[in-house]
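Enquirer: Take this structure first; my questions come after.
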DNA sequence: AGCGGGGATACCCCCGAGGTATCGGGAGCC
DNA sequence: GGCTCCCGATACCTCGGGGGTATCCCCGCT
């Protein structure tokens, strides 16, 4: 199977519509129709059922979509990492990605510790929106990532644990609930006038619910200070708190583990060095 | 990048010789030369240095070889799993692979436990030579594998631990060393007339050394019984021992962990069921 | 029945992958 | 030094298939 075929298939599967997929791919509809038909013939399987509305995936098609996406990401990663290795002969920088605005203290320690090693290579730090770190690692835009369990999908990577912490509820300091010694997650979610905010999923859309739609920590803390929301955060967020905010420990929130992750077959000396430095923190 | 280009590149990199690579690929040498040159041009990097003897990988080329192999395996996996899903619409069997001749008791328990679940799907068991399980999982020939740490490379898979055991030295029962209460690995390797056997690597070749070349457990136990070798095995191998063999515990051999492993993005109900059954053992 | 949206077919073109023949150049070898 | 292998690279040709335009066919909706 050629990657071109896979790209075509994934486009049609995602759009559920040959015409739209063709547009997205920058080509005409008929050759795309033919390519899909040919792929089905070669695999000896129906990947779609043709409905009057468009194309619907079959079970077999679903399998190919899952596997094909992973395969395409691997091919992209191969190309990107090769290009990056070519740019700076010998001493190509290693790209580390982390969630914008989190773990800054730990990251600083890590970068300092690694930079002090003999033969340390340059490290490009790329801050990206929550949840994108794993994607970047999978498709070769990054070489190492700082991830957070249980929020990030760690599967398929090699990881080392760096730190584990409890989560706490942040709420406006004047609020009656702010005097509680501790709380459960259920209780925190049920405070009547303080809804928990909603965070965007990977595609940028928001789940349904009552809470405000928010993108970053600064926003949410401001809203909490205004008495319009409360939020569950890892304990280390305490470092960023100003006046007007109260902290209540949560008894049953999942512990958050900060991890350093890298692709399993990585042979880069820079990655190995960073991981070693992280382990020694 | 197309998979065809990647396949060509990997062939040339492995053969270090355009002519031989072309032969292996079933094509003529010139188009392959051109394809490689074109790939280098498109990536804007030298992947090989041309020597009078053939082609030698550059550092950049090394990167592409590592990443490219993984990418090709992923594409192959996508195609194979799709084909398998197509063969048996709805109820395609899940393929489980394990090392020939090991863990038979544990496997039997696992298969029984899973078969007892409601909605259990058929399980094809594929026994393959040691070390091949991870490869089969990577390229889609299998869906689940029984692996053994630290022997198998587990990176890139999701795993659950099933059991951990010590390793022991097996030697002929008449031998003077057989009366020891315990031993270190170094001592076991230094017994003068009882060399440790050599096992084949993934490509079928044997490492250099004094011990006999062996392929399977039956062979090696026979040789031990004849007083020509000794061997380090997990404790569970005791179950298969007949007369004429003595067992000495090793104090510093690494513990062997039996794992169930599956590809991280697996969505197969059969895989999930097997893993669940394994966890409940 | 008429129409509109969506995929499939028919037919054509041309790019590029692959083949054969040949070249150029480095390494050994008398 | 010149001869000869043994490489990979170039030149040149062929042809299949991927991509384009025009059009068809089918189905659902009004």
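Chains as they are written, first to last, in the working numbering: chain Z, 1 to 281; chain E, 282 to 562. Here a beta-carbon is modelled for each residue, glycine too, at the ideal position from N, C-alpha and C.
Kindly indicate which three-state DSSP category residue 132 of chain Z falls into: helix, strand or coil?
Expert: Here residue 132 of chain Z sits in helix by DSSP.
Enquirer: Residue 114 of chain Z and residue 273 of chain Z - do their beta-carbons sit closer together than 7 Å?
Expert: The answer is yes: Cβ separation under 7 Å.
Enquirer: Would you kindly report the start and end of the unbroken beta strand (DSSP E) that includes residue 170 of chain Z?
Expert: Element bounds for residue 170 of chain Z: 167 to 172.
Enquirer: Could you have a look at residue 418 of chain E and say whether DSSP puts it in helix, strand or coil?
Expert: Residue 418 of chain E: helix per DSSP, three-state reduction.
Enquirer: According to the Cβ coordinates, are residue 510 of chain E and residue 457 of chain E closer than 7 Å?
Expert: No, these two residues do not count as a Cβ contact at 7 Å.
Enquirer: Going by DSSP, which residues form a beta bridge with residue 428 of chain E?
Expert: Residue 428 of chain E pairs with E:540.
Enquirer: So what's residue 501 of chain E in DSSP terms, helix, strand or just coil?
Expert: In this structure, residue 501 of chain E counts as helix in the three-state DSSP scheme.
Enquirer: So residue 288 of chain E and residue 353 of chain E are supposed to be a Cβ contact under 8 Å. How far apart are they, rounded?
Expert: Confirmed, about 7 Å.
Enquirer: Between residue 197 of chain Z and residue 212 of chain Z, how many whole angstroms is the CB-CB distance? I'm expecting something under 8 Å.
Expert: Yes, they are in contact, since the Cβ atoms of residue 197 of chain Z and residue 212 of chain Z sit about 5 Å apart, within 8 Å.
Enquirer: Find out if the Cβ-Cβ distance for the pair residue 482 of chain E, residue 427 of chain E is shorter than 7 Å.
Expert: No, the Cβ-Cβ distance between residue 482 of chain E and residue 427 of chain E is not below 7 Å.
Enquirer: Do residue 233 of chain Z and residue 170 of chain Z have their beta-carbon atoms positioned less than 7 Å apart in this structure?
Expert: Contact: yes.
Enquirer: Do residue 552 of chain E and residue 434 of chain E have their CB atoms nearer than 7 Å?
Expert: No, Cβ-Cβ distance for residue 552 of chain E and residue 434 of chain E is not below 7 Å.
Enquirer: Rounded to a whole number of angstroms, what is the C-alpha to C-alpha distance between residue 68 of chain Z and residue 27 of chain Z?
Expert: The alpha-carbon atoms of residue 68 of chain Z and residue 27 of chain Z are separated by roughly 21 Å.
Enquirer: Mapping DSSP to helix, strand and coil, what is residue 329 of chain E?
Expert: Note: residue 329 of chain E maps to strand in three-state DSSP.
Enquirer: Closer than 7 Å by beta-carbon distance: list the chain E residues that pair up with residue 2 of chain Z, in chain order.
Expert: Those are 283, 284, 285, listed as they occur along chain E.
Enquirer: Mind pulling the chain Z residues with CB within less than 7 Å of residue 349 of chain E?
Expert: Under the 7 Å cutoff, chain Z gives 78.
Enquirer: With a cut-off of 8 Å on the beta carbons, I'd call residue 449 of chain E and residue 533 of chain E a contact; round off their distance for me.
Expert: That belief does not hold up - the Cβ atoms of residue 449 of chain E and residue 533 of chain E are roughly 12 Å apart, past 8 Å.
Enquirer: Residue 85 of chain Z and residue 460 of chain E - do their beta-carbons sit closer together than 7 Å?
Expert: Contact: no.
Enquirer: Are any of the Cβ atoms in chain E nearer than 7 Å to that of residue 85 of chain Z?
Expert: So yes, residue 85 of chain Z belongs to the interface.
Enquirer: Along the segment 323 to 334 of chain E, what residues have a CB closer than 7 Å to any CB found in chain Z?
Expert: Cβ contacts with chain Z: 324, 325, 326.
Enquirer: Report the three-state DSSP secondary structure of residue 515 of chain E (helix, strand or coil).
Expert: Here residue 515 of chain E sits in strand by DSSP.
Enquirer: Along chain E, which residues have their Cβ under 7 Å away from the Cβ of residue 64 of chain Z?
Expert: The answer, in chain order, is 359, 363.
Enquirer: Rounding to the nearest angstrom, what Cα-Cα distance links residue 183 of chain Z and residue 241 of chain Z in this structure?
Expert: The straight-line gap from Cα to Cα measures roughly 20 Å.
Enquirer: Note down, in chain order, every chain E residue with its Cβ under 8 Å from the Cβ of residue 158 of chain Z.
Expert: 436, 437, listed in chain order.
Enquirer: If the cut is a Cβ gap below 7 Å, which residues of chain Z does residue 545 of chain E touch?
Expert: Here the neighbours are 155, 156.
Enquirer: Quick check on residue 112 of chain Z: does DSSP put it in helix, strand or coil?
Expert: Helix, per DSSP.
Enquirer: For the candidate residues Z:155, Z:264, Z:116, Z:259, whose alpha-carbon lies nearest to that of residue 164 of chain Z?
Expert: Looking at the Cα atoms, Z:259 is the closest of the given residues.
Enquirer: Does the distance from the CB of residue 439 of chain E to the CB of residue 236 of chain Z come in under 7 Å?
Expert: For residue 439 of chain E and residue 236 of chain Z, no; Cβs fall outside 7 Å.
Enquirer: State the Cα-Cα distance for the pair residue 486 of chain E and residue 322 of chain E, rounded to the nearest angstrom.
Expert: Cα to Cα, the separation comes out at about 36 Å.
Enquirer: According to DSSP, simplified to helix, strand and coil, what is residue 530 of chain E?
Expert: Correct three-state label for residue 530 of chain E: strand.
Enquirer: Using a Cβ-Cβ cut-off of 7 Å, state whether residue 356 of chain E counts as contacting chain Z.
Expert: True, the Cβ-Cβ gap to chain Z drops below 7 Å.
Enquirer: With DSSP run on the structure shown, which of helix, strand or coil describes residue 372 of chain E?
Expert: Residue state, collapsed to three classes: coil.
Enquirer: Pick from Z:215, Z:281, Z:77, Z:263: whose alpha carbon is nearest that of residue 99 of chain Z?
Expert: If we check each option's Cα against that of residue 99 of chain Z, Z:215 comes out closest.
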